[in-house]
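One structure below.
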Amino acid sequence: MTEKESTLGERLLKARKEKKLSQAELGEKIFVSDKTISSWESNRTVPDLDTLAKISVLLEVRITDLLYGNNLRNDIETEIRIKLSDIEYKNLKLVLDNNGKFLKEIHQKDTYYSPKFRDFLAHEYPYEWLRIGQRGNQIIVNYKHWYPEGAKINTHCDEYEVEIDDATNMDKIFKVLDLEEIAVVDKNRITYSYLEKYEIALDTVENLGYFVEIEVKKYEQEPLEEYERLLKTAKDLHLNLNNIDRRGYPYHIIDAKKVD
1 MTEKESTLGE
11 RLLKARKEKK
21 LSQAELGEKI
31 FVSDKTISSW
41 ESNRTVPDLD
51 TLAKISVLLE
61 VRITDLLYGN
71 NLRNDIETEI
81 RIKLSDIEYK
91 NLKLVLDNNG
101 KFLKEIHQKD
111 TYYSPKFRDF
121 LAHEYPYEWL
131 RIGQRGNQII
141 VNYKHWYPEG
151 AKINTHCDEY
161 EVEIDDATNM
171 DKIFKVLDLE
181 EIAVVDKNRI
191 TYSYLEKYEI
201 ALDTVENLGY
211 FVEIEVKKYE
221 QEPLEEYERL
231 LKTAKDLHLN
241 LNNIDRRGYP
251 YHIIDAKKVD
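With this note's numbering, letter number 196 in the sequence shown gets 196, and the count goes up by one each step, no holes.
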C-alpha cells in the first residue's frame, strides 16, 4: 500500500515504531492499554482528536500528518451541522439577514443509498454517504467519505459529485448494483455567504426540525486548523456546540422510523 493510500492506523504504527516505543509504552504515556493502541493501529477503532493531539506531541509528528498523511486533496469539505431550536433558528436568521449575503432559497430532496455488501450504517458514526439529490431542476449524485473514519468528531471529508438528467434511471442503476434506498431527506434550505469565507445554510427538515450547516469555502490553513476556526465562528454566532450533529440527516430519519 502506498503512503497516499495509508490509513490513520498505519501512520500511527509507523510513527510509534520510528520512536522505538512498544504499544504498551505508548499506552502507558497516554493512559490507555496496549490493546487500545493495537485497536487503533489495526483500524478497528480510532482515537479522539484530544488523544491524537497528545500522541502527536509524544511521537513528534504533526497531528495533520497522523490524520491525513498524503491523503489531502482539493475535493475536500470541512463543515459542521448543529441542531437548532425554533428561537435559535429565528435569531440566527436575523443575524445572517443583517450580516451575511443572501445566496438562495431552495427546496431539496435527497434519496440516500447504501450497498448491501458494505453497509454504511453498520458504524455507530457513519462516515460514508451516497445520495441522489434534487435541487429544483438540477439532479446531482453525491458521495461523501468523512475522516477520521468512524470517529465521533470528523474534521473533513472527500466529496465527489456529478450532475445527471434522470434520477429515475439512476435509481434503477443503483438497485441493479445492489444499492438499497435507506432514507429520503426532504428540506427547505436558505443559504448565505458569511465573512467571505463560509457558506451557512439554514435547513428546515421534514420530521426533524431546524438545523444550520456551516461550511468552509475559502481554505487558508490545513483542514484541522480550519475545523478549529470553524468551531470558533460557530461560538461567535452563539451556537451551542453541544448540539453538533455527528450522524447526519439520513441516520436520524431511519432512527425516527424505528421509533414509529
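Heads up, the beta-carbon is just placed ideally off N, CA and C, and yes, glycines get one too.
Here the structure is a predicted model, which is why all the values come from computation and not from measurement.
Sequence-distant residues of its chain with Cβ nearer than 6 Å to GLU206 (five each side left out): Same-chain partners within the cutoff: ASP186.
6 Å Cβ shell around THR78 - same chain, five flanking residues per side excluded: Annotation for THR78: HIS156, VAL216, PRO223, GLU226 and TYR227 place their beta carbon closer than 6 Å to its own, counting only its chain and skipping 5 residues before and after.
Per DSSP, the bridge partner or partners of PHE211: PHE211 pairs with LYS83 and ASP203.
Chain-order list of residues whose beta-carbon lies under 8 Å from that of THR51 (same chain, five-residue window excluded): Within the same chain, and ignoring the five residues on either side of THR51 in sequence, the residues whose Cβ sits closer than 8 Å to its Cβ are ILE30 and VAL32.
ILE140 beta carbon less than 7 Å from that of GLU161: Cβ distance < 7 Å, so GLU161 and ILE140 count as in contact.
Expected contact under 8 Å - CB spacing of LEU66 and LEU8 to nearest Å: Confirmed, Cβ separation roughly 7 Å.
Cα-Cα separation between ILE173 and LEU58, rounded to whole angstroms: Between ILE173 and LEU58, the C-alpha separation is close to 49 Å.
Boundaries of the beta strand (DSSP E) in which ARG135 is found, first to last residue: It spans 128-135 - the beta strand (DSSP E) in which ARG135 sits, taken as one unbroken run.
The stretch 233-240 touching the stretch 80-87, judged by at least three CB pairs closer than 8 Å: Cβ pair count under 8 Å is three or more, so yes.
Distance, ARG16 Cα to ILE253 Cα: Approximately 41 Å between the Cα atoms of the pair.
Residue closest to GLU220, alpha-carbon to alpha-carbon, out of ASP203, LEU202, LYS197 and THR204: Its Cα nearest to that of GLU220, the residue LYS197 stands out among ASP203, LEU202, LYS197 and THR204.
Nonlocal neighbours in the same chain, by C-beta distance under 8 Å from ARG135, ignoring five residues either side: Counting only residues of its own chain and dropping the five nearest sequence neighbours on each side, ARG135 has a CB closer than 8 Å to the CB of ILE106 and GLN108.
Distance between TYR192 and ALA201 (C-alpha atoms, nearest Å): Straight through space, the alpha carbons of TYR192 and ALA201 are spaced by roughly 6 Å.
Close-in-space but distant-in-sequence residues of the same chain around LYS235 (CB under 8 Å, 5 per side omitted): So the list reads LEU241, once near-sequence residues are dropped.
Residue environment, ASN188, which counts as buried when at least 16 other CB atoms sit within 10 Å: Counting C-beta atoms within 10 angstroms of its own C-beta, ASN188 has fewer than 16 neighbours from the protein chains shown and is therefore classed as exposed.
As assigned by DSSP and simplified to three states, the class of SER114: In the displayed model, SER114 falls within a strand according to three-state DSSP.
Proximity winner among LYS54, ASP165 and PRO47, relative to ILE132 (alpha-carbon distances): When each option's Cα is compared against that of ILE132, the closest is ASP165.
Outcome for GLN23 when other beta-carbon atoms lying within 10 angstroms are tallied against a minimum of 16: Flag for GLN23 reads buried.
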